[in-house]
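Below is one structure; the comments refer to it alone.
Laid out in structure tokens, this is it:
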């Protein structure tokens, strides 16, 4: 497998875990958290196009290294539109699940050269910086 590095302080990527407990005792899943944050509309649309909503609303926990709308906007023109086409679903699922780690990982749990395995199956080297 390829070794890839993820910088945890990237301005265009946020990290959140499901489930988040709310004051009234119920919890939000990854999808609801992304929707309520307001800066993950493109990610939510991609998750819907990939058919991953039920998975991410299901048994977790999951941690998502979530690209913001700003990160998607930095991609070459037409990239997102091409990926959400039905004929590209397998590629979209692969890309999205590359950003998901099973389990609850908090930013305080991360350290340099920490290795995590994504749901997609790739190993990811975590690099932190101040």
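Residue numbers (our numbering): 1082 to 1211.
Using N, Cα and C, we set each Cβ at its ideal position, and we do this for glycine too.
Buried is the label assigned to residue 1205, since at least 16 other Cβ atoms lie within 10 Å of its Cβ. In this model, residue 1173 and residue 1209 are separated by some 27 Å (Cα to Cα).
The way I'd put it, the region 1156-1175 doesn't touch the region 1187-1200; fewer than three beta-carbon pairs between them come closer than 8 Å. Look at residue 1142 here: in three-state DSSP terms it is coil, with no helix or strand label. According to the DSSP assignment, residue 1181 belongs to the beta strand (DSSP E) that extends over 1181-1183. For residue 1154, the enclosing alpha helix (DSSP H) begins and ends at 1150-1154. Residue 1154 sits exposed, since fewer than 16 C-beta atoms from the chains shown fall within 10 Å of its C-beta.
The shortest C-alpha to C-alpha distance from residue 1140 to any of 1198, 1126, 1185, 1201 is the one to 1185. Excluding its 5 nearest sequence neighbours in each direction, residue 1199 has C-beta neighbours in its own chain below 8 Å: 1178, 1179, 1180, 1181, 1182, 1205, listed in chain order.
The beta carbon of residue 1169 sits closer than 7 Å to those of 1163, all from its chain and outside the five residues before and after it, given in chain order.
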